[in-house]
Amino acid sequence: MPSSVLLEVPALADFNKAWAELTDWLARLDREIKSQRVKVGDLDDINDMIIKQKAVLQDLEQRRPHLDELITAAQNLKNKTSNQEARTIITDRIEKIQSQWDEVHGYLQSRRQQLQEMLKDSTQWLEAKREAEQVLEQAKAKLESWKEISYTVEALKKQNTELKQFSKEIRQWQINVDVANDMALKLLRDYSADDTRKVQLMTDSINASWAAINKRVCEREAALESALRMLQQFYLDLEKFLAWLTEAETTANVLQDATHKEKTLEDAKMVRDLMKQWQELQAEIDAHTDIFHSLDENGQKILRSLEGSEDATLLQRRLDNMNLRWSELRKKSLNIRSHLEASTDQWKRLHLSLQELLAWLQLKEDELKQQAPIGGDLPTVQKQNDIHRTFKRELKTKEPVIRSALETVRIFVAEQPVEAVEKVCPEPRDLSPEERAHNITKLLQRQADEVRTEWDKLNLQSADWQKKIDDALERLQGLQEAMDELDLKLRQAEAFKGSWQPVGDLLIDSLQDHLEKVKVYRAELVPLKEKVHHVNELAHRFTPPDIQLSQYNLSCVEDLNTRWKVLQVAVDERIKQLHEAHRDFGPTSQHFLTTSVQGPWERAISPNKVPYYINHETQTTCWDHPKMTELYQSLADLNNVRFSAYRTAMKLRRLQKALCLDLLSLSAACDALDQHNLKQNDQPMDILQIINCLTTIYDRLEQEHNNLVNVPLCVDMCLNWLLNVYDTGRTGRIRVLSFKTGVVSLCKAHLEDKYRYLFKQVASSTGFCDQRRLGLLLHDSIQIPRQLGEVASFGGSNIEPSVRSCFQFANNKPEIEAALFLDWMRLEPQSMVWLPVLHRVAAAETAKHQAKCNICKECPIIGFRYRSLKHFNYDICQSCFFSGRVAKGHKMHYPMVEYCTPTTSGEDVRDFAKVLKNKFRTKRYFAKHPRMGYLPVQTVLEGDNMETLAEMENTNGSYLNDSISPNESIDDEHLLIQHYCQSLNQESPLSQPQSPAQILISLESEERGELERILADLEEENRNLQAEYDRLKQQHEHKGLSPLPSPPEMMPVSPQSPRDAELIAEAKLLRQHKGRLEARMQILEDHNKQLESQLHRLRQLLEQPQADAKVNGTTLSSPSTSLQRSGSSQPMLLRVVGSQTSETMGEDELLSPPQDTSTGLEEVMEQLNNSFPSSRGRNAPGKPVREATM
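Residues 0 to 1189 in numbering that gives the first Met the number 0 are what the sequence shown spells out, letter by letter.
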């Protein structure tokens, strides 16, 4: 923004700063939420993200007032400035930030909807995946149960039937797999911006496993069909082969007989014909060689299937007969050839033999080449090995023939002359027989060399091929063994994984055990990782130039890797789920407390583990439990009780019942504290420790009172109350002593047992307690009524006067013992009087008195009964007494006795005597001799003294206004302050001040006016006494007696006459009375000075400008409140949700700009209290009401 505009419109600087801060915050928020990715298919992760989105959305909504304020400020600036450029800039910036706000808000809403849909789709996918995995496991189990193919008709038909049934199931299961795939594709398509690796990985694993199962089924089906076809065709082929064998044997026999006839070999034509017939016979034999081997191999398979049966014996005979006849036929064929070849010229026979050998070698070389390349799986290579073994057997069979032929050629060539062999004809001409013979020799030599070369070459190729096969077999066997071992280990691991129960079904106490087991299981999987690496390494050694793994092996390796990855993911996910479950549900969690609230409320936890509560209906948060808020609101009904001690006790009683602490015995509380080793009272307790201890307490109460105790609700409510009392700042920690004090004070036990236990907590090992330790105990105790806004009536929050009172009672000893502490507590000191009154309230709840209330006519009287000690048969019920109602002729200052249990005859007689005695006493006596129902502490402005309470005696009844106080001067002071409080309480609620100006006027007019009237009365009384003294002096002088000395100079002398003695005694009394009045005037003057000082400070606070302030992220507000009343009909409202006020806050922190011309009385008084650290605890009648919005 141009500097000229800023100079012209200075307020724009603040606007720019606020605008920039909100813009930057929105930009950061936008980047953060758009960078968040959720793991698709992970319900826990999705739920966590939904919760985070809710929190972000709530944070955004909580900042909406800032946006509204900024827009309002912008509008005000536009209205105030006439600079068009400034107006344009302001408009642009407001439109920009509004657009940015709407964009972020819209994205959060759409993302929240998307996450809800993702959660729904992921749930459906996980269910479909679970069903698909179930059918996969069933299919794999079925595959494992398959037996080796049997070569009998019955067995094959049975196996074929089972396979068809299994194929039918596969088609049905295909639906489950398709559903899982469709759901996975939907997740991958719709949520591609998030992390879909888990879905992709698990889907690929399911599809790979399913494809492998289908492939196995197809292979099994083909194998069964082939076996059945072979079985059906075998016997036909066998009969056909045997029939041909019979014909071939006949032909061979006929040909053999023809070759052995005389002179047959001499006829060349006949020899050629016979040779031709032999060749035809040999061709047929060669053509049936494969058929023979196939029949023999298949026959052996059938034999293995028929092992032990008669059919097996019969088949064995036929096969043996076939093999024998086949061997004989081949021998006859060789003999016929040898016999026919013997009839031709030797060179011709050698030439023909070498040509046949060369043709055979070429054929075998081509056959060997056709066996390449090496197969990519073990069955293929094993088949290649079997084929090559047959090939090598053929070579071995042919080797003697080849060597014999070569040896014959060598001998033949050696018999010919060398010269003839080496002679080369220079020119073509007719060859002589010798030359022709030499050429033939040369030809045979060349053919023999070629046969030898090809033979050696074929043997080398065969050996090299066999080496490759052996190497491939070894490597593939190693790979197969590694894969089988890995598959076994994975199956075992998957079986263990399959035994896992859903985390939600596990017992909370067993979560840690399951977590340890899974960690041990993960450690056991470490060697499995090495096996996976080993399998992958072996698989990578098979490269395409060498050996190309088959698709089946590649699929197996990929399936093993997928299963391993899925197993790792499952283990990590299981550990994560168990960790989260242990965190959320385990002993250190607060998850079980989520059921303590109902919709639209939700229990949430701040970073320091302090719980807070979200109202989704109103989109607000607060520290207090909804039930606690309702309880606090219900306590306002008790504000019509005039007497603060009873009012406080009745509120605590209702709180005690709501927290079910009225069911808790002191021994049970001590057991729970000892169980959690809470012995160091100065040590802080965090939230989890508090929850654990409270859970132990309420679990035991639930066992004893099943229908009365709701453990989560009670734990949460009690935790809420303890934090409200001892941790208003919500730091998440309170001291062990504070915890014990709060729980023990409201538990069910005898009053003195509580006193002994609490004293024991602060006493040293020797059993003595010093002032500091006692101060800690009293400080923690006074926080209980302080939280209810009643602390002023109990001497304020400053416990020093109470500590001083206790040690003065103990003659100022440096340390006190338990007995002295109990004696002092029996006097019911002002700071602790609420506790015995609480016990009396509890005792009076079920009391039924056979008497009628003289005011409301209730009969019988339930609760407290108040009997007049001034009038006969005059009783008041607790409702009338607490509300200050009296009957005609009876005054509130008349003595009364309180009963919390039905009276006995002895008590009735005793009260009758006291009534009779009081009948002869005047009203002036009762007015001058009030009786305190508690032990007051000498403190100025530590809070108003309480109303005259009943002093509990050892018996059932307790009395009011019945005797003279032991300390008359203190009683007079308290009486004055009591009259002052009563004068304040006589005003109508409608006349209470509502603004700072009215507060000032009220304080000046009431406080100063009342004190000035008291001072004027005292001065008037002093003047009257002085006048009376002067009159007596003049009478004395008129009678001629020696003059009286002035009062300070008067010394006691022995009376010389009755008249002198009377005058001296009266003068002594006057002197004492004057001294008391002067001391009283001094106290009231000090009181007046302090009031003037505080009023001056109050004026300064109200006159100075107030700035915006926030305390712990809590906006100060001014809801309607009313003055705390002490002994009046003016009700005092309790503070509402989560007040985080602190008495130690500085003045600057509590100053805030007025929202209107009238600031709430509570805020003003809180400012006053927090602005005077020296006067801490001297609370004004009003308590601040502050609402914490998180």
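C-beta: ideal position from N, C-alpha, C; glycine also.
The region 869-912 contains, as complete beta strand (DSSP E) runs of 3+ residues, the segments 874-876 and 895-898 (chain order). The C-beta distance from residue 447 to residue 405 rounds to 5 Å, short enough to meet the 8 Å contact threshold. Using a Cβ-Cβ distance cut-off of 8 Å, the region 33-49 and the region 185-197 are in contact, since at least three pairs of beta carbons, one from each stretch, lie closer than that value.
Annotated three-state conformation of residue 588 is coil, per DSSP. For residue 463, same chain residues with a beta-carbon under 6 Å away, outside a window of 5 residues either side, do not exist. Using a Cβ distance threshold of 8 Å, residue 893 and residue 848 do not count as a contacting pair. Its chain contains 768 as the residues whose beta carbon lies nearer than 6 Å to that of residue 762, once the 5 sequence neighbours on both sides are disregarded; these appear in chain order. Counting the other CB atoms within 10 Å of its CB gives residue 174 a total below 16, which places it among the exposed residues. If you look at residue 612, you'll find it in the beta strand (DSSP E) that goes 610-614. With contacts defined by Cβ atoms closer than 8 Å, residue 908 and residue 868 do not form a contacting pair. Sequence-distant Cβ neighbours of residue 118 in its own chain, meaning closer than 8 Å and more than five residues away, are 42, 45, 46 and 49. Unbroken alpha helix (DSSP H) runs of no fewer than 4 residues, entirely contained in the region 34-80, are found at 42-61 and 63-79, following chain order. Taking C-alpha positions only, residue 569 is separated from residue 136 by approximately 17 Å. One Cα belongs to residue 670, the other to residue 748, and the distance between them is close to 14 Å.
By the CB criterion at 8 Å, residue 547 and residue 298 fall outside the cutoff. Listed in chain order, the non-local C-beta contacts of residue 648 below 6 Å within the same chain comprise 833, 836, 837 and 840, local neighbours out to five positions each way being set aside. Closest in C-alpha terms to residue 657, from the list 876, 633, 492 and 668, comes 633. Between residue 306 and residue 151, the alpha-carbon positions lie close to 11 Å from each other. Taking the CA atoms as reference points, residue 694 sits about 6 Å from residue 714. Taken through DSSP and simplified to helix, strand or coil, residue 499 comes out as coil. Where residue 720 is concerned, the enclosing alpha helix (DSSP H) starts and stops at 710-725.
The beta carbon of residue 212 is closer than 8 Å to those of 135, 138, 139, 142 and 169 in its chain, skipping five residues each way along the sequence.
When only Cα atoms are considered, residue 740 and residue 730 end up about 19 Å apart. It is roughly 18 Å from the alpha-carbon of residue 216 to the alpha-carbon of residue 177. Within the region 284-354, the complete alpha helix (DSSP H) segments of 4 residues or longer fall at 288-304 and 309-340, listed in chain order.
For residue 767, the beta-bridge partners assigned by DSSP are 816. If you keep only unbroken alpha helix (DSSP H) runs of at least 4 residues inside the region 781-869, you get 799-808, 817-825 and 833-843.
When DSSP states are grouped into helix, strand and coil, residue 747 belongs to the strand group.
For residue 621, the three-state secondary structure derived from DSSP is strand. At least 8 Å separates the beta-carbon of residue 662 from that of residue 721. In terms of CA proximity to residue 883, 638 leads the group 638, 106 and 302. In the assembly as shown, residue 1012 is an exposed residue. Its beta-carbon has fewer than 16 other beta-carbons within 10 Å. Under DSSP, residue 166 forms no beta bridge with any residue. In the DSSP secondary-structure assignment, residue 685 is bridged to 732. Taking C-alpha positions only, residue 389 is separated from residue 397 by approximately 12 Å.
In the structure shown, the three-state DSSP call for residue 373 is coil.
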